[in-house]
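For the record, in the sequence shown the residue sitting at position 32 is 32 according to our numbering, with numbers rising by one throughout. We treat Cβ as the ideally placed atom computed from N, Cα and C, and that holds for glycine. This report concerns only the one structure given below.
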Amino acid sequence: MPAASASPAAPAAPTFGDDPALLARVLTPYRPDCRYLLSTSTASDDELALSRGEFAIGESCYIDDTGHFNAVEFNICYNQLTYFLIAKSVQEGLAPEFRRWTMDDFWARQLPGILIAGFTSRFHAPIDPRSFHGEVRFDKILRRTGADGSLVMARTSCRFWDDADGRADGEVRLAFVDPPDGVEPGGSQAADTRTASGLPKTEADA
């Protein structure tokens, strides 16, 4: 009897390299000395997505040099990488929810329509702010529709680390107010409740 053929390997998660033009547009609302995100890469399992970024804080935009990555900078860097992740998800249709959106929808909502509903951060070891890495991933996205309209909630996790032992991480809940009501391609209006277990890991996961 011939040997059974091996099952085909699962397809690799789609990946997208640095997108300087999109990043520049995403960072336009920030003052030049507060644009800490330098480059990005993005991966998707066709349901959810993550973005990784390279950061550098040459000089703090709000305080004298503390010598380490601090809580305010954590928030700023999270915001910048998350805005990029959302924009890239809309541009490439990386999650069912964002297949409803156009880029004009995102630009109109970037500042007024994407809110932090809950924020937790932990600092395990000091990070050198002059050069470090970050990651933001969607863990779950859920759309709720009621008499007052639709609301999209998202759970995200994030982490930052440097090339030594610096490390910080956190979880952030986002609320998308007044999201577009367009139907995703294929006609499905089902909410995305998938977890991000199929996305690739980074060395910081070890």
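Would you call the segment 132-148 and the segment 83-97 in contact, with 3 or more CB pairs under 8 angstroms?
-> yes
Within the chosen definition, does the segment 35-53 reach the segment 105-125 through at least 3 CB pairs nearer than 8 angstroms?
-> no
Exposed or buried, which one is Arg137 when buried takes at least 16 other CB atoms within 10 Å?
-> Here the question's residue 137 lines up with position 137 in the sequence shown. Buried is the call here.
Output the boundary residues of the alpha helix (DSSP H) element that contains Arg130.
-> Residue mapping note: residue 130 aligns to position 130 of the sequence shown, counting from 1. Premise fails: Arg130 is in no alpha helix (DSSP H) and is neither H nor E.
Look at the Cβ atom of Val152, then the Cβ atom of Tyr78, and state whether they are nearer than 8 angstroms.
-> Residue 152 sits at position 152 when you count from the first residue of the sequence shown. Residue 78 sits at position 78 when you count from the first residue of the sequence shown. Contact: no.
Which residue from Glu135, Leu27 and His68 puts its Cα closest to that of Gln110?
-> Counted from its first residue, the sequence shown places residue 110 at position 110. That would be Leu27, whose Cα lies nearest to the Cα of Gln110.
Straight-line Cα distance separating Val177 from Ile32 = Counting from one through the sequence shown, the residue named residue 32 turns up at place 32. Counting from one through the sequence shown, the residue named residue 177 turns up at place 177. Checking the sequence shown, residue 32 turns out to be Pro, not Ile. Approximately 28 angstroms, taken between the alpha carbons.
Close-in-space but distant-in-sequence residues of the same chain around Phe69 (CB under 6 angstroms, 5 per side omitted) = Your numbering for residue 69 matches position 69 in the sequence shown. Cβ neighbours of Phe69 beyond the five flanking positions: Ile127 and Pro129.
Around the C-beta of Gly149, are 16 or more other C-beta atoms found within 10 angstroms, so that it is buried, or is it exposed?
-> Against the sequence shown, residue 149 aligns to sequence position 149. Under this definition Gly149 is an exposed residue.
Using three-state DSSP, classify Asp33 as helix, strand or coil.
-> Along the sequence shown, read from residue 1 onward, the residue named residue 33 stands at position 33. If DSSP states are grouped into helix, strand and coil, Asp33 belongs with the helices.
Among Gln80, Lys88 and Trp107, which residue has its Cα nearest to the Cα of Thr42?
-> Position 42 of the sequence shown, counted from the start, is the residue given in the question as residue 42. Selected option, being the one with the closest Cα: Lys88.
Paired residues, beta bridge with Ala15 - DSSP | On the sequence shown, position 15 is the one that residue 15 refers to. Note on residue identity: the sequence assigns Thr, not Ala, to residue 15. For Thr15, which the question treats as bridged, DSSP gives the partners Ala43.
Does the Cβ-Cβ distance between Leu37 and Phe84 come in under 8 angstroms?
-> Taking the sequence shown and counting its residues from 1, one reaches residue 37 at position 37. Taking the sequence shown and counting its residues from 1, one reaches residue 84 at position 84. Yes, these two residues count as a Cβ contact at 8 angstroms.
Assign Thr82 to one of three DSSP states: helix, strand, or coil.
-> The sequence position of residue 82 within the sequence shown is 82, counting from 1. Three-state DSSP puts Thr82 in a helix.
Only counting runs of 4 or more residues, tell me where the alpha helix (DSSP H) segments fall wholly within the segment 100-176, in order along the chain.
-> 103-109
Along the chain, where does the alpha helix (DSSP H) that runs through Leu22 open and close?
-> In the sequence shown, counting from the first residue as 1, residue 22 sits at position 22. Leu22 -> alpha helix (DSSP H) spans Pro20 to Val26.
Looking at the structure shown, is Ser60 part of a helix, part of a strand, or coil, going by DSSP?
-> Locating residue 60 in the sequence shown gives position 60, counting from the first residue. If DSSP states are grouped into helix, strand and coil, Ser60 belongs with coil.
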